[in-house]
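Peer 1: So the sequence lines, in the order shown, correspond to chains E and R.
So for the first sequence, the numbering used here puts the first residue at 18; every next one is plus one.
So for the second sequence, the numbering used here puts the first residue at 18; every next one is plus one.
Ideal placement from N, C-alpha and C gives every residue a C-beta, glycine not left out.
Mind having a look at this structure? Questions to follow.
Protein chains: 2
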Amino acid sequence: MLDVLRVSSKSTPNAVAGAIAGVIREQGKVEVQAVGAAASNQAIKAVAIARGYLAPAGLDLVCVPAFVNIQIEEEVRTAIRLIVEPR
Amino acid sequence: MLDVLRVSSKSTPNAVAGAIAGVIREQGKVEVQAVGAAASNQAIKAVAIARGYLAPAGLDLVCVPAFVNIQIEEEVRTAIRLIVEPR
Numbered sequence: 018m019l020d021v022l023r024v025s026s027k028s029t030p031n032a033v034a035g036a037i038a039g040v041i042r043e044q045g046k047v048e049v050q051a052v053g054a055a056a057s058n059q060a061i062k063a064v065a066i067a068r069g070y071l072a073p074a075g076l077d078l079v080c081v082p083a084f085v086n087i088q089i090e091e092e093v094r095t096a097i098r099l100i101v102e103p104r
Numbered sequence: 018m019l020d021v022l023r024v025s026s027k028s029t030p031n032a033v034a035g036a037i038a039g040v041i042r043e044q045g046k047v048e049v050q051a052v053g054a055a056a057s058n059q060a061i062k063a064v065a066i067a068r069g070y071l072a073p074a075g076l077d078l079v080c081v082p083a084f085v086n087i088q089i090e091e092e093v094r095t096a097i098r099l100i101v102e103p104r
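Structure, rendered in structure tokens:
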């Protein structure tokens with residue numbers, strides 16, 4: 018099963034980028050999920066940083082954004098999910 | 018030269034998605050630039066929507082995020098640039 022990294026507005030992009038790079042190295046692919054504009058912004062920054070972490074290994078990361086409905090405390094919210102994988 | 022679509026926090030993701038799809042159809046590739054969290058969020062939503070617009074034509078859009086320094090009224094700001102192209 019594919020790991021899902023949940024990113025919040027308080028996540029630091031560098032830390033998320035490290036987690037993205039780790040999962041990509043182990044599993045080849047990762048999903049990053051964010052709810053809200055601030056969280057989405059941290060997620061996309063993290064992918065940009067992770068590209069730099071993995072470029073020396075010859076990995077050219079791309080991301081595929083999609084909407085996903087998730088339930089938070091009985092409320093349905095729309096999250097952004099970024100599927101991140103080498104090109 | 019590659020077209021750059023500038024997205025603001027007030028851009029509507031559907032309209033930006035239409036512009037992305039149009040440039041991809043004509044030029045095969047487009048760059049989407051956003052300054053600030055709200056604008057980045059609109060940009061990434063627009064890419065997710067544009068994927069749906071172009072999927073029927075067999076195009077599987079991916080995006081490559083990068084940081085870029087831009088000058089706005091004599092101040093240097095860091096923007097997020099998404100290079101959007103078919104896989």
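Short of 7 angstroms Cβ to Cβ, which residues in the region 39-57 of chain E face chain R?
Peer 2: If the cut-off is 7 angstroms between Cβ atoms, the region 39-57 of chain E has A54, A55 and S57 near chain R.
Peer 1: E/V61 versus chain R: which residues are under 7 angstroms apart at the beta carbon?
Peer 2: The sequence position of residue 61 of chain E within the first sequence is 44, counting from 1. As written in the sequence, residue 61 of chain E is Ile, which differs from the Val given in the question. Near E/I61 (Cβ distances below 7 angstroms), the residues of chain R are S57, I61, P82 and I97.
Peer 1: So, does the region 97-104 of chain E touch the region 46-55 of chain E, judging by three or more C-beta pairs under 8 angstroms?
Peer 2: Because the criterion of three Cβ pairs below 8 angstroms is met, the region 97-104 of chain E and the region 46-55 of chain E touch.
Peer 1: Determine the extent of the alpha helix (DSSP H) in which R/R23 is found, giving its start and end residues.
Peer 2: Counting from 1 along the second sequence, the entry for residue 23 of chain R is found at position 6. Premise fails: R/R23 lies in the beta strand (DSSP E), V21 to V24, not in any alpha helix (DSSP H).
Peer 1: I'd like to check one pair, E/A63 with E/S25: are the Cβ atoms closer than 8 angstroms?
Peer 2: For the purposes of this step, residue 25 of chain E is identified with residue 8 of the first sequence, where counting begins at 1. For the purposes of this step, residue 63 of chain E is identified with residue 46 of the first sequence, where counting begins at 1. Going by C-beta atoms, E/S25 is not nearer than 8 angstroms to E/A63.
Peer 1: Which same chain residues, not among the five before or five after R/G53, have their C-beta less than 8 angstroms away from its C-beta?
Peer 2: Position 36 of the second sequence, counted from the first residue, corresponds to residue 53 of chain R. Counting only Cβ-Cβ distances below 8 angstroms, and skipping sequence neighbours, we find S26.
Peer 1: Can you find the residues in the same chain that come closer than 7 angstroms, C-beta to C-beta, to R/R23, ignoring five residues on each side of it along the sequence?
Peer 2: For this step, residue 23 of chain R is matched to residue 6 along the second sequence. Excluding positions up to five away in sequence, the list reads Q50.
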